[in-house]
Amino acid sequence: MSGLMWVAIVVAVFVLWHFLPQQKGRPAQSSPKFRNDLRVSPAHDQWQRVVEEHCESPAEVAFLRAMISACDLRPEKGSLAGDGMRLDLQVEESRYRVDFLVDRWLVVEIDGAAYHSSPEAVARDQRRDQELEALGYTILRIPARRVFNQPIAAVADVRAALKVGKREVPAPVIVPSESNGFFRLGRTLSSVGRAAREMNDFESKARATQLALAQAKQAADLERAILDAAIEGAKRRVELDDWLREDPARAASYEVHHARFRALFPLKEDGPVAVHRIEFLPPTLTGNPDIDLAIENGFASLSDERRKLEQSTQQTLSQEPGLRAQVQQTLKSTGWEDLWDRIR
């Protein structure tokens, strides 16, 4: 079968799929995963200590102790049970892990001010609560300070929530899908076209950003190469000098052979070789706000990398003082005095 025939079959299947009856979605179902610690049993004389090991904060430990004391909880089939209730710790549900789960439907979260008071944390907790409530859970959040200062009141909060009872989860509203296959096909093609346009815009933005930052990136890369070469050359010269100082006879022999080599292969005394410079300049903006923002962020990142390179070089020179003179000589002889001024 030819490639063109395969393409025709794929297109036909793609089109026909939009005319098939659409299945209605089903509401999400809860699937809690309980911790099963075999050490938590009535036979274990230190079972409470074992249970407390699963707590992740002092506030959770304080709440657990208050619940055990007030409700006379004891190990039962991997959970704690007593006073007509069941308590589980660190239960995994969906992509979350809840602090405590009472009677398998009441989620109790102990909130410390350090991690739950910022606007970002509040918004995150709201999203988390909404997802858990959609699975049929009721959420009870108790501040850590209430647990520490009024542990009996915290237990009373749990009992009050249990008395209210498990809330009824409203049946999900199922929006019937459009029966018109042409409408669904058009919507899919529109989505594909929008995705293609977004991809094209992304690529155009990336190309424009890369082009605008090209000189600054080349300048930063060249500076890094110059510094790496200067430090590496300085280390080799220092090592050679140390090696020669260890043995005067070795140093004398080296000088003799080095003089003979220079006599056989004389070097031109044209002075040091200057390296062509590339200036690190701010890029030219395009006038497009989105592209210009990406360009400015990219230039800021390059500037930050240059500062980190200078700092790391300064640290190297401070840790190995013998390199300073060699690096300074190399940079000045090759026309990079300004680079030496920034790192010395």
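Here the sequence shown stands for residues -18 to 325, numbered as in our numbering. Ideal placement from N, C-alpha and C gives every residue a C-beta, glycine not left out.
query, result
"Of the listed residues R178, P23, A200, nearest to D53 (C-alpha basis)", "P23"
"Cβ-based burial, A80 [other Cβ within 10 Å; buried from 16]", "What sits at residue 80 in the sequence shown is Asp, not Ala. Label assigned to D80: buried."
"Option nearest K205 by Cα separation, candidates W317, Q307, L19, M66", "One detail in the question is off: residue 205 reads as Arg in this sequence, not Lys. When only C-alpha atoms are compared, the closest one is W317."
"Through-space distance from G214 to A281, alpha-carbon basis", "30 Å"
"Beta-bridge partners of E74, as assigned by DSSP", "Y77"
"Close Cβ partners of K216 (< 7 Å) along its chain, the five nearest in sequence each way excluded", "L304"
"Beta-carbon proximity of Q191 to I259, cut-off 8 Å", "no"
"Bounding residues of the beta strand (DSSP E) (the contiguous stretch that carries R105)", "Counting along the chain, R105 falls outside any beta strand (DSSP E), though it belongs to the alpha helix (DSSP H) covering 100 to 115."
"Residue closest to I91, alpha-carbon to alpha-carbon, out of A104, P132, L290", "P132"
"CB-CB length for L121 against V139, believed under 8 Å", "7 Å"
"Assigned exposure category for A104 - 16 Cβ within 10 Å defines buried", "exposed"
"Assigned secondary structure, K198 (DSSP; H/G/I helix, E/B strand, else coil)", "helix"
"N- and C-terminal bounds of the alpha helix (DSSP H) containing A24", "Segment: none, A24 is in no alpha helix (DSSP H) and carries neither H nor E."
"Residues near E73 in its chain [Cβ-Cβ closer than 6 Å; skip 5 each side]", "K14"
"Cβ neighbour criterion (16 or more within 10 Å) applied to S299", "exposed"
"Residues bridged to I91 [DSSP beta-bridge criterion]", "I123"
"Residue environment, Y77, which counts as buried when at least 16 other CB atoms sit within 10 Å", "exposed"
"Nearest-angstrom Cα separation, counted from A(-7) out to L(-15)", "12 Å"
"Residues bridged to E57 [DSSP beta-bridge criterion]", "S60"
"Close beta carbons around S172, own chain, < 6 Å, minus the five adjacent residues each side", "none"
"Spatial distance of E159 from G167 (CA atoms)", "Its pLDDT being 48, under 50, E159 is placed unreliably in this model, and the value from its coordinates should be taken loosely. Their Cα atoms are separated by approximately 12 Å."
"As assigned by DSSP and simplified to three states, the class of K147", "coil"
"Spatial distance of A62 from N278 (CA atoms)", "56 Å"
"Alpha-carbon spacing of R323 relative to R218, whole angstroms", "23 Å"
"Local Cβ density within 10 Å of V156, reported as buried at 16 or more and exposed below that", "Reliability fails at V156, whose pLDDT of 49 lies under 50, so the model's placement of it is uncertain and the value that follows must be treated cautiously. With fewer than 16 Cβ atoms within 10 Å of its Cβ, V156 is classed as exposed."
"Check whether C36 and L87 have beta carbons under 8 Å apart", "no"
"CB contact flag (G93, S38, <8 Å)", "yes"
"Selection from N181, I276, A(-11) that minimises the alpha carbon distance to P263", "I276"
"Same chain only: Cβ atoms within 6 Å of Q309, ignoring 5 sequence neighbours per side", "W321"
"Whole-number beta carbon distance between T119 and K147, since they are thought to touch under 8 Å", "6 Å"
"L68 in three-state terms, based on DSSP", "strand"
"C36, enclosing alpha helix (DSSP H) - first and last residue", "Note, C36: premise wrong, no alpha helix (DSSP H); not H, not E."
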